[in-house]
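Each residue of the sequence shown is one higher than the last, beginning at 6 in this note's numbering.
Idealized CB from N, CA, C, for every residue including glycine.
It should be emphasised that the depicted structure is a prediction, and the values quoted were computed from it without experimental measurement.
Heads up, the thing below is written out as structure tokens.
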Amino acid sequence: MAKLEGVSSVHIARKYFIYIALENLLDMILTLYATINGHGVEINPLLSSIVQDPFLFVMIKGVIPTLLLIFVFLRLSASNPELIRKSIRYLKLCFCWYLMVLSTHIVWISFLL
């Protein structure tokens with residue numbers, strides 16, 4: 006029974022990792038579009054100085070976080086079911102945070118229409 010619970014928890018965690026990776030990539034694309042076309046600025050102080058270099062921006066904001074998500078997922082999936090279930094709470098929080106970030110993009114896009 007514990008093995009079955011662990012497997013289903015891993016599948017739930019995997020979904021959230023995929024959702025978060027997609028949200029991150031969408032945030033990266035929309036931020037790059039907004040900054041290049043003068044519709045907005047990158048408000049993250051760590052990334053605001055590199056947004057003018059699209060390749061570097063994509064690597065730091067898109068590729069590296071996605072690789073880190075994959076690495077964390079692989080480590081977590083080898084973990085015990087209880088730790089996986091606890092981690093799902095934090096994944097949900099991260100997912101909701103990205104929804105909030107993406108909602109700010111929806112606001113500026115709506116002003117363009």
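Unbroken alpha helix (DSSP H) stretches of 4 residues or longer found wholly inside the segment 10-97: 59-63, 69-82, given in chain order.
Taking the Cα of SER13 as reference, the smallest distance to any Cα among ILE89, LEU104, THR40 is reached at ILE89. With at least 16 other beta carbons inside 10 angstroms of its own, ALA26 counts as buried. A straight-line Cα-Cα distance of about 23 Å links LEU52 and ILE23. Rounded to whole angstroms, the Cβ separation of PHE100 and TYR38 is 22 Å, and the two are not in contact under 8 Å.
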